[in-house]
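The structure appears right after this line, and notes come after that.
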Ligand code: SAM
Ligand code: SF4
Ligand code: SF4
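In this note's numbering, the protein residues as written are 12 to 351.
Okay, here's the thing in C-alpha cells:
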C-alpha cells in the first residue's frame, strides 16, 4: 500500500532524470550561455537507478518516466529501459524527449521495453524552431516522431509549451500535425520553474485562451470527463480529435499530485518547485539496506506538504523560482536537472 502524504496523496509517478545535459537550448528552459553541470562521478549508474526504482516500486510506485535534460543523450539508455522493464511492478515506462535522437534510437527503445514516448515540439516552423531552441534541428525532430511511429509506439504524445508572442498562433497547425502522425497534442502553460529565468506572467497563454484559439478554427471542444491524477485536462473536437491542456500555471492540480522526481545524481524532489531535495545517493552508496531505504522514502513521503504551483498562484507578484546566481550555485533547481 503506497504511503499517503499530509494531503492524502499517494506516492506513484516517478520521473527519472537520467542526465542534466541537453542538445537544445529552449528559451523557456535553458536560455543562458553557460551552465553548472552535475559532477559525472555523482551520476547514478544504471544498476543504482534500477535498485532505487526497485525500492520505490516496493513502496507503491507503478509508473516511471525517463526524462532530463535530454534522456537520449545518456549513453545506452535503452539498457536502463531493459533493466526497468524486468520490474513487474511497473505498469508504465515512458520517456519525455525532444526527439532529436529518436530517429536513431526508437527501435532499440521499443525492443528494450519502453511503453510510450512523449515528444516536445513547440513549433512547426523552421525559423521559429531555430530561434526558440538555438539549433536548426526541426527536421530531425519530425523524423524522430516518424521513427517512433515506425517502431510501433502507441499512445505517443506531443507536448507544446505555449508562449505569448512565440507560438500561440500555431495551436491549430500543431493539432493538425498531431492528427496526421497519430499523436495526441498537449498544450502546456508556460511555467515559472527553475531555469525559466526569462519567464514573465504576461507571456503565459492561459488555458481559456488556448481553448478559444482552437475553437476559432475548429469549433468549440467538448471537455472529456475523466478521473485521473494526470495533469492534462482532455478535450474532443467535433471531428473526434482529442487533445490536452496542462494548465499548471493558472489552474494548478497539486491536490491530485502523486509525482516526484529523482535527479541523475540521486536527489529526490517532492515537488517541481521544491528548493530542497532528499539525498538518496549517499545512503545508497554507503550501503543502506533496502529496508532502511524503504523506510526513509515512506517516512519522507508521509510528511510531504508540497503544493508549489498552488502557493505560487496565490502570490501577487510572481517571478521565476530562482535567479541566475542561485541556479549557478545549485543546478538542482534547474528544470533540465530535475526533469519536467
Ligand atoms: N529534453 C526533454 C524534452 O524537452 O522533452 C525532456 C526534459 S524537458 C525539461 C521536459 C518538459 O519540460 C518538456 O516538454 C518541456 O517543454 C517542459 N518545460 C521546460 N521548461 C518549461 C517551462 N518553463 N514551462 C513549461 N514547460 C517547460
Ligand atoms: Fe528544451 Fe528539454 Fe532541453 Fe529543456 S531539457 S532545453 S525543454 S529540450
Ligand atoms: Fe505536484 Fe508540485 Fe507540480 Fe503541484 S507544483 S502539481 S505539488 S509537482
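Glycine included, every Cβ here is placed at the ideal spot set by N, Cα and C.
For residue i, the residue or residues it bridges with in DSSP
i           : result
residue 127 : 105
residue 289 : 279
residue 28  : 78
residue 340 : None; residue 340 has no bridge partner.
residue 169 : 130, 196
residue 136 : Answer is none; residue 136 lacks a bridge partner.
residue 239 : Bridge partners of residue 239: none, in fact.
residue 254 : 196, 246
residue 141 : Bridge partners of residue 141: none, in fact.
residue 372 : As shown, the chain starts at 12 and ends at 351. That puts residue 372 outside it, with no answer to give.
residue 21  : 15
residue 272 : 26, 280
residue 215 : 174
Buried/exposed call for residue i, threshold 16 Cβ in 10 Å
i           : result
residue 353 : Not covered by the structure: residue 353. The range shown for the chain is 12 to 351.
residue 18  : exposed
residue 106 : buried
residue 290 : exposed
residue 234 : exposed
residue 272 : buried
residue 35  : buried
residue 287 : exposed
residue 138 : exposed
residue 244 : buried
residue 43  : exposed
residue 12  : exposed
residue 53  : exposed
residue 200 : buried
residue 327 : exposed
Check: residue i C-beta below 8 Å from any heavy atom of ligand 2
i           : result
residue 282 : no
residue 178 : no
residue 47  : no
residue 116 : no
residue 153 : no
residue 24  : no
residue 33  : yes
residue 106 : no
residue 349 : no
residue 205 : no
residue 346 : yes
residue 81  : yes
residue 139 : no
Check: residue i C-beta below 8 Å from any heavy atom of ligand 3
i           : result
residue 268 : yes
residue 331 : no
residue 28  : no
residue 259 : yes
residue 242 : yes
residue 318 : yes
residue 321 : yes
residue 14  : no
residue 285 : yes
Anticipated Cβ contact below 8 Å, residue i with residue j, distance rounded
i           : j           : result
residue 202 : residue 259 : 5 Å
residue 128 : residue 167 : 6 Å
residue 276 : residue 55  : 7 Å
residue 92  : residue 125 : 5 Å
residue 85  : residue 30  : 5 Å
residue 148 : residue 111 : 6 Å
residue 61  : residue 95  : 7 Å
residue 308 : residue 140 : That belief does not hold up - the Cβ atoms of residue 308 and residue 140 are roughly 40 Å apart, past 8 Å.
residue 253 : residue 198 : About 13 Å separates the two Cβ atoms, so there is no contact after all.
residue 65  : residue 109 : Residue 65 to residue 109, Cβ: 29 Å. No contact.
residue 15  : residue 267 : The pair is not a contact, with the Cβ atoms about 12 Å apart (cut-off 8 Å).
residue 292 : residue 28  : Incorrect: roughly 13 Å between the Cβ atoms, too far for contact.
Residue i CB to nearest heavy atom of ligand 1 below 8 Å
i           : result
residue 143 : no
residue 271 : no
residue 278 : no
residue 131 : yes
residue 40  : yes
residue 148 : no
residue 343 : no
residue 308 : no
residue 167 : no
residue 217 : no
residue 201 : yes
Proximity test, residue i beta-carbon vs ligand 4 heavy atom, cut-off 8 Å
i           : result
residue 170 : Ligand 4 is not among the ligands present in this structure, which contains only ligand 1, ligand 2 and ligand 3.
#### Entry: Three or more C-beta pairs below 8 Å linking the stretch 176-183 and the stretch 128-135
Taking a cut-off of 8 Å on C-beta distances, the stretch 176-183 touches the stretch 128-135, as three or more cross pairs fall below it.
### Task
Could you say if the stretch 298-305 and the stretch 271-287 meet the contact criterion of at least three C-beta pairs nearer than 8 Å?
Between the stretch 298-305 and the stretch 271-287 there are fewer than three C-beta pairs closer than 8 Å, too few to call the two in contact.
### Task
Please confirm if the stretch 68-84 is in contact with the stretch 95-114, defined as three or more CB-CB distances below 8 Å between the two stretches.
These segments touch.
### Query
Are the stretch 243-258 and the stretch 216-233 touching by the rule of at least three beta carbon pairs closer than 8 Å?
Because the criterion of three Cβ pairs below 8 Å is met, the stretch 243-258 and the stretch 216-233 touch.
### Query
How do the stretch 199-219 and the stretch 327-339 stand: do at least 3 beta-carbon pairs fall below 8 Å, yes or no?
Three or more Cβ pairs drawn from the stretch 199-219 and the stretch 327-339 lie within less than 8 Å of each other, which places the two stretches in contact.
### Message
Would the stretch 34-48 count as touching the stretch 337-345 if we require 3 or more Cβ pairs under 8 Å?
### Response
Three or more beta-carbon pairs separated by less than 8 Å link the stretch 34-48 to the stretch 337-345, which places the two stretches in contact.
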